[in-house]
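The letter at position 65 of the sequence shown is residue 66 when you use my numbering, and the numbering goes up by one with no holes. Each residue gets a CB set at the ideal place from its N, CA and C atoms; glycine is no exception. Structure first, then comments.
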Amino acid sequence: MNTISASTGFSPFQLHLGRSPRMLPLLLPALTTSDTEEGRARLLLSQLRHDVMEAQDNLLAAKAAQAANVNKGRAPALVLQTGDRVMLATKHRRREYMQKGDKRVAK
């Protein structure tokens with residue numbers, strides 16, 4: 002639950018709650034009089050938005066890197082024209098093409 006994802010750079014806990022869980026008791030700084038609950042809530046929400054946007058950016062970068070890595074070994078796309086003959090694999094669709102006949106029993 003607290004493992005940082007390689008793709009996002011964040012743990013699911015941090016993206017969901019806006020902070021990482023601590024094993025030791027948390028040491029809170031002394032609250033000043035100007036530090037209101039509304040101000041802390043706004044700060045938490047802005048930090049959550051920032052973390053989510055950064056995670057989305059990291060996911061997009063990881064997706065692009067994965068696509069580039071996969072496409073390195075890929076052969077160029079085969080261009081087919083109308084009228085070209087191709088082989089069709091019907092191994093998994095064999096039953097659709099079976100017909101009743103003298104030497105075959107249809108299922």
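Taking the alpha helix (DSSP H) that residue i belongs to, which residues open and close that run?
{"i": "L45", "result": "38–73"}
Using three-state DSSP, classify residue i as helix, strand or coil.
{"i": "L16", "result": "helix"}
Cα-Cα, which of the options is closest to residue i?
{"i": "S47", "options": "F14, G19, A68", "result": "G19"}
{"i": "D52", "options": "Q15, A90, T91", "result": "Q15"}
So, do the region 6–13 and the region 56–72 have three or more beta carbon pairs nearer to each other than 8 Å? With a cut-off of 8 Å on Cβ pairs, the region 6–13 is in contact with the region 56–72, counting three or more such pairs.
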